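Numbering of the sequence shown is given in our numbering, commencing with residue 8 and proceeding in unit increments.
C-beta atoms are modelled at their ideal positions from N, C-alpha and C, and glycine is treated no differently.
Keep in mind the model is a prediction, meaning the values are calculated, not measured.
Take a look at the structure below.
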Amino acid sequence: MDKEHKLLERMTDWYSGDPARIQHFIKVYTFAKEIAYGEGLDEAQTELIGAAALVHDIGIKIAEEKYGRCEGPLQEKEGAPEAEKMLLETGYPADVAKRVGYLVGHHHTYTDIDGIDYQILVESDFLVNLFEDKSEEKTIRSVLRKIFVTGTGRNLCRTMFGIKDEIWISPLYRGRPEDVSGRTPREIAVYDLLDKLNIAYERVDHEVTPSIESCHGVDKKLDIHICKNLFLCNRQKTDFYLLLMPGEKPFRTKDLSKQLGCARLSFADAEHMEQYLGIHPGAVSIMGLMNDTGNHVRLLVDREVLKTEYIGFHPCVNTSSLKAKSSDIFEKFLPAVGHEMTVVEL
Ligand SMILES: [Fe+2]
């Protein structure tokens, strides 16, 4: 029998007569392995995470026997040495036993998560506890925001509890990111240009927004209204347009075509968006005009958008959103990128 199965057996014995505890750690163990797999961790890390999940609550029994209660700090204190001991006895290497002891000794502390193994253990424990505690949706949303970091853990949580619109959003920042490593050149180019033009902006990073509801969280944080960005073209695919209009307003292609005096417009394809605006679908924004040096795309702006003091837009990627003064964008940015706008009424 390999050591992981041996450990599972030892823990089952440890909580003999207490099926709720046994079912608890087996669930946490399964979720922990699932997240480790989803995050692409290697075999050694996955093994360590599995072991930590199996023994994570080992301290409850000792705390209950010793003090008649088992709150977090007591479990952590009593559990850490016992976990390390049990791992050594089942054949785990000393360094793994030590790290697992550390994790058991900290798994109720969420302020200094110092590694992916720690993070995954905490997320797996929450996945199970939120269910076992019959947590309200409000609590689940708050935990999603404050605790969950891994994509796999977040997806598991959202799927399991049916929370579709909750995405991770960073705090509000002023200006460009301090550290731009890991960001695409096209995103960095947006910050460079805005800074060069002395345009002030606020910024949040966030997960990809899969639906319009999930954009609301971003809007709320930036304190702006959604602005729809539509990339359109004529039937012959010779004329291209970027239309900015209020998010809640319905788009009627007939109205627009009539005002422009052209045949009916339709949505342009991703290939042309990439070619002219240097943007993937989902990230389409007025910032893309900086990549349209050949002036292939004509900007159309609904009059209502011009009336708002601030405007929100993606910096050419759909994992960040910016807020700047509308006047700065239309009076400084547009001339700088050699584009004019046509005001329309929809
Ligand atoms: Fe637990």
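- In the structure shown, G285 adopts coil according to DSSP, grouped into three states.
- For the beta strand (DSSP E) assignment, the segment 86-138 encloses no uninterrupted run of at least 3 residues.
- DSSP places K256 outside both helix and strand once states are collapsed to three, so it counts as coil.
- The alpha-carbon separation between T260 and N241 amounts to approximately 11 Å.
- Listed by position along the chain, the residues with Cβ atoms less than 6 Å from a non-hydrogen atom of ligand 1 are H31, V35, H63, D64, D132.
- The segment 234-253 makes contact with the segment 263-283; the number of CB pairs closer than 8 Å reaches 3 or more.
- Nearest in C-alpha terms to E173, of all of A196, T191, I195, K145, is K145.
- Spanning the alpha carbons of K68 and W175 requires a straight line of approximately 36 Å.
- Using a Cβ distance threshold of 9 Å, R310 and E347 do not count as a contacting pair.
- Out of F133, L55, G301, R106, the CA that lies nearest to the CA of R152 is found in F133.
- Fully enclosed beta strand (DSSP E) runs of no fewer than 3 residues occupy 208-212, 234-240 of the segment 202-251, in order along the chain.
- Restricting attention to alpha helix (DSSP H) runs no shorter than 4 residues, the segment 297-336 encloses them at 310-314, ordered along the chain.
- Residue pairing of S149 in beta bridges, as defined by DSSP: absent, with no partner found.
- It is roughly 32 Å from the alpha-carbon of M252 to the alpha-carbon of S149.
- Pairwise C-beta distances place the segment 53-67 in contact with the segment 109-123, as three or more of them are shorter than 8 Å.
- The beta carbon of A207 sits closer than 6 Å to none of the beta carbons in its chain outside the five residues before and after it.
- Apart from the 5 residues on each side of it in sequence, L307 sits with its Cβ closer than 6 Å to the Cβ of Y248, L250, T349, V351 in its chain, given in chain order.
- With a beta-carbon spacing of about 23 Å, I127 and A27 fall beyond the 8 Å limit used to define contacts.
- Distances from the CA of D212 to each of G122, V324, N205 were compared; the closest alpha carbon is that of V324.
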